[in-house]
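Accompanying notes for the structure given below.
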Amino acid sequence: MPATMRAQRFYKATREWAVEDVPIPEPGPGEVLIKVEYCGICHSDLSLIDGVFGGPNVPDVITQGHEASGTIAKLGPGVIGWAEGDRVIPAAGRPCGVCDFCVRGRFGDCANLQLMAFAYDGAWAEYTLAQAFGLTRVPDNVPMDQAAILADAVSTPFGAVVHTGQVRIGEAVGVWGIGGVGTHIVQLARLVGANPILAFDIDDEIRDRALALGADAAFDSRDPDLQQKVAAATHGRLLDVAFDAVGLKTTFEQGLEMLRPGGRLVGVGMSGQEPTLGPTMVFNLLRKQALGHLGYKPEDIETLAQLVSAGRLDLSRSISDVVSLEDVGEGIRRLHERDGNPIRILVQP
Ligand SMILES: [Zn+2]
Ligand SMILES: [Zn+2]
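According to the working numbering, the sequence shown is numbered sequentially starting from 396.
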């Protein structure tokens, strides 16, 4: 194995980045070194570059990219159950190991979860390190490009639909923003039996795509008659669950507005904007719930990998394009400008 590798490096002070030669890291106790096959480009990666995310947890220099698949290249000391060459997905975060929850073995409840590519080096690189106990094995018949996006682009929607939104069979669901996250919310809502599924987006090409992926109807969110149309599509009931995959003031408030009494709004997309819940009198009388959502459980990636393997979940349309590591800037630009309305663009180091 060579001593150095190519890796994208983001400099916090200037918010500039470059693809550079860096030493290949050595796996520590309980860690594995992964030869990266694919790594997705996510809006949260752009948020670090744009300065929307950041803060004291981000080191001065960091490799970005947190939606990866690859093969194990080297085992660190004490790793059992894994072998070199195994096809894996690394978890996109790691528990701190020292908080009240972690010391009791409740890693899923960690109070200081460290995010891959925000607190430690990610996978826009030839190799990346991961904790062995956060790995998911990729079934033989699941392509590695689809495996890569399970780590966030599909599992965060899974968490939103299954855990936070708790969508039940027959519930009316609305999804705002049918991009990388919203697309998979539509597909997973379909999988758990939501009916009907309504998609909201300002772009008519994206609305067509939403219909092809399983939405029952798609609306322009600027339509002045939207509420009547949503009422007509739901037999007058409005929505049981609204997913805001955009995170703007307008989408969050519109989602809330389209809920039936007792309905749940699940906030998934993020921005610096500040929506309002409206008058407490209305919010409380209508018993609405506004729920913030982040992430997923580690075992959700395994569940999704099995669903893809069994042919229940088709992610073949989710890979919009693949760029080389040297061309990561082009991938970033296209996601940023929504050039071609990508669902996911992958980096292939
Ligand atoms: Zn992501
Ligand atoms: Zn912890």
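Ideal Cβ positions, reconstructed from N, Cα and C, are used throughout, including at glycine.
Practice prompt. Leaving aside the five residues before and after residue 478 along the sequence, list all residues of the same chain whose C-beta is less than 8 Å from its C-beta, in chain order.
Written response: Closer than 8 Å at the Cβ level, and outside the excluded window around residue 478, lie 467, 470.
Discussion item. Can you list, in chain order, the residues of its chain with a C-beta nearer than 6 Å to that of residue 472? Leave out the 5 residues immediately preceding and following it.
Written reply: Here the set comprises 424.
Worksheet item: Is residue 712 buried or exposed, if buried means 16 or more other CB atoms sit within 10 Å of its CB?
Response: Label assigned to residue 712: exposed.
Practice prompt. Pick helix, strand or coil for residue 489, following the three-state DSSP scheme.
Written response: In this structure, residue 489 counts as strand in the three-state DSSP scheme.
Worksheet item: For the putative contact between residue 460 and residue 529, defined by C-beta atoms under 8 Å, what is the C-beta separation to the nearest angstrom?
Response: About 16 Å separates the two Cβ atoms, so there is no contact after all.
Worksheet item: Relative to ligand 2, is the shortest distance from any of its heavy atoms to the C-beta of residue 502 smaller than 8 Å?
Response: Indeed, a heavy atom of ligand 2 lies less than 8 Å from the Cβ.
Worksheet item: What do you reckon, is the C-beta of residue 547 under 8 Å from a heavy atom of ligand 1?
Response: True, at least one ligand heavy atom lies under 8 Å from that Cβ.
Practice prompt. Determine the extent of the alpha helix (DSSP H) in which residue 644 is found, giving its start and end residues.
Written response: Counting along the chain, the alpha helix (DSSP H) containing residue 644 begins and ends at 644-652.
Worksheet item: With a Cβ-Cβ cutoff of 9 Å, do residue 640 and residue 613 count as a contact?
Response: No; because the gap between Cβ atoms is not below 9 Å, this pair is not in contact.
Worksheet item: Thinking just about the alpha-carbon of each residue, which of 647, 630, 632, 631 is nearest to the one in residue 638?
Response: Nearest of 647, 630, 632, 631 to residue 638, Cα basis: 647.
Worksheet item: Quick one: what does DSSP say residue 459 is sitting in, helix, strand or coil?
Response: Reduced to three states, the DSSP call for residue 459 is coil.
Practice prompt. Measure the Cβ-Cβ separation of residue 398 and residue 485 and say whether it is below 9 Å.
Written response: No, Cβ-Cβ distance for residue 398 and residue 485 is not below 9 Å.
Discussion item. Does the distance between the C-beta of residue 437 and the nearest non-hydrogen atom of ligand 1 fall short of 8 Å?
Written reply: Yes, Cβ of residue 437 sits closer than 8 Å to a heavy atom of ligand 1.
Discussion item. Shorter than 8 Å, the distance from the beta carbon of residue 480 to the closest heavy atom of ligand 2, or not?
Written reply: It does not: the Cβ of residue 480 is nowhere closer than 8 Å to a heavy atom of ligand 2.
Worksheet item: For residue 544 versus residue 723, is the C-beta distance shorter than 9 Å?
Response: No, Cβ-Cβ distance for residue 544 and residue 723 is not below 9 Å.
Discussion item. Please report the straight-line C-alpha distance between residue 415 and residue 403, rounded to a whole angstrom.
Written reply: C-alpha separation (whole angstroms): 6 Å.
Worksheet entry | Sequence-distant residues of the same chain with beta carbon closer than 7 Å to residue 656, five excluded per side | Same-chain partners within the cutoff: 681, 682.
Discussion item. Do residue 726 and residue 488 have their beta-carbon atoms positioned less than 9 Å apart in this structure?
Written reply: Not a contact, by the Cβ cut-off of 9 Å.
Item to complete: Note the first and the last residue of the continuous beta strand (DSSP E) segment covering residue 430.
Response: From DSSP, the beta strand (DSSP E) with residue 430 extends over 426-436.
Item to complete: Can you give me the Cβ contacts of residue 453 inside the same chain, cut-off strictly under 8 Å, excluding the 5 residues immediately before and after it?
Response: Answer for residue 453: 407, 443, 513, 514, listed in chain order.
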